[in-house]
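Taking it in order: structure first as structure tokens, then the write-up.
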Amino acid sequence: MELTNLNIIKSLLNKFGLYAKKSFGQNFLLNGQILTIMTDIAEISKDDHVIEIGPGLGTLTQELAKKAGKVTSIELDRNLIPILKETLKDFSNVEIINSDALLFEPSENTYKVVANIPYNITSHLISHFLQNKNPPESLTLLIQYEVAKKLCTLNPDMSVLSLGTALFGKAKFIKKVKKGSFFPVPKVDSAIIHISLYEPSEKEFIGRENAIKILNLAKKAFSQKRKKIKNPLPELKEKLTALNLAEKRPQELSIDDWENLMIPELLKIEAMQGDKPFTT
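Position 6 of the sequence shown, counted from 1, bears residue number 15 in the numbering used here, the numbering being contiguous throughout.
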């Protein structure tokens with residue numbers, strides 16, 4: 010069943026009396042090349058357990074199941090479960106879970122995330138997996154184009170989202186995807202990104218708890234991002250001055266700058282909980 014074929018998509022939806030729900034961010038992919046790019050970038054093999062968020066009709070799921078050892082697909086819309094059971098009936102290595110991905114806690118130690126995710130949960134979802142006590146090896150995602158650009162942009166145009174991502178791994182912009190590649194056609198273009206998470210032993214990784222502390226500090230600073238950083242962070246004025254950062258705006262700081270603000274002053278800032286997301 011060619012699930013990127015518009016007629017087949019419409020036929021499936023009609024058969025089950027369904028339609029694409031805007032509230033769930035449902036836009037079904039029509040471009041089969043995107044599926045190949047995503048699975049290739051994620052380097053899926055039979056040794057991999059892949060977690061997919063929002064499988065929809067099972068379009069990407071089928072491609073993942075052909076290459077992975079196991080696929081866990083998490084779908085929030087219970088009305089799509091019967092369709093998924095039909096389109097994925099030939100794949101014994103697929104587990105379909107009707108649940109909220111933001112509440113999902115991976116049970117296996119090693120896994121990858123590959124997904125075409127709803128725009129409205131992008132930041133929360135990335136945060137959930139990056140800050141998880143059991144994080145994935147990588148995330149390969151199809152997300153809103155503007156968010157993808159922001160996520161992959163560092164100083165002098167840093168955002169909390171790009172900082173949060175850079176503290177946990179390396180983000181790469183892969184490909185822009187035109188809005189006409191989906192049904193229904195969304196208002197904006199999309200893009201494929203790939204985030205490769207740091208191993209605990211890698212020197213670039215400062216550790217989960219330290220990264221979360223920096224993010225807590227950054228959220229406070231970015232709440233007044235048009236102002237010089239000394240204004241929202243008066244408690245760090247002396248250190249900011251010593252590091253020649255006091256006259257800069259939050260988005261102008263590098264990753265090293267943020268890390269240099271950590272100890273001991275950062276301990277004065279209450280650490281944010283791991284399940285609280287950073288935002289765009």
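Cβ coordinates follow ideal geometry from the N, Cα and C atoms, glycine included.
Nothing here was measured: the structure is a model prediction, and the numbers come from that model.
Report task. Quick one: using the 10 Å Cβ neighbour count with 16 as the cut-off for buried, is D166 buried or exposed? Result -> exposed
Report task. Using 10 angstroms around the beta-carbon of Y28, count the other beta-carbons present and answer buried if the total reaches 16, otherwise exposed. Result -> exposed
Query - Cβ distance (whole Å) where K184 is taken to contact I53 below 8 angstroms - result: Incorrect: roughly 17 angstroms between the Cβ atoms, too far for contact.
Query - K228, buried or exposed, once every other Cβ within 10 Å from all chains shown has been counted against 16 - result: buried
Query raised in the report: Do the segment 78 to 94 and the segment 53 to 67 meet, that is, are 3 or more Cβ pairs less than 8 angstroms apart?
Result: yes
Query raised in the report: Which first and last residues belong to the alpha helix (DSSP H) in which I223 is found?
Result: R217 to F231
Report task. Note down, one range per segment and in chain order, each alpha helix (DSSP H) of at least 4 residues found wholly within the segment 127 to 175. Result -> 131 to 139 and 154 to 160
Query raised in the report: Counting Cβ pairs closer than 8 angstroms, one from the segment 188 to 195 and one from the segment 35 to 50, do we hit at least three?
Result: yes
Report task. Compute the Euclidean distance between the alpha carbons of R235 and L22, then round it to the nearest angstrom. Result -> 47 angstroms
Query - Identified DSSP bridge partners for F37 - result: F192
Requested in this report: With distances taken Cα to Cα, identify the nearest neighbour of Y154 among D198, D57 and T13.
Outcome: D198
Query raised in the report: At what residues does the alpha helix (DSSP H) containing N125 begin and finish?
Result: Not the alpha helix (DSSP H): N125 falls in the beta strand (DSSP E), residues K121 to N125.
Query raised in the report: Ordered along the chain, which non-local residues of its own chain (more than five positions away) have a Cβ less than 7 angstroms from that of D56?
Result: G78
Report task. Flag this pair as touching only if the segment 108 to 122 and the segment 137 to 153 have three or more C-beta atom pairs under 8 angstroms; answer yes or no. Result -> yes
Report task. Could you please give the first and the last residue of the uninterrupted alpha helix (DSSP H) stretch that includes E256? Result -> Note, E256: premise wrong, no alpha helix (DSSP H); not H, not E.
Report task. Give the DSSP-derived three-state secondary structure of F177 in the structure shown. Result -> helix
Requested in this report: Identify every residue that forms a DSSP beta bridge with S82.
Outcome: E61 and I105
Requested in this report: Give me whichever residues DSSP pairs with I201 in a beta bridge.
Outcome: L151 and K184
Query raised in the report: With 16 other CB atoms within 10 Å as the buried threshold, where does P259 fall?
Result: buried
Requested in this report: For T1, count neighbouring Cβ atoms within 10 angstroms of its own Cβ and tell me buried if that reaches 16, exposed if not.
Outcome: The question about residue 1 has no answer here: the residues shown for the chain are numbered 10 through 289.
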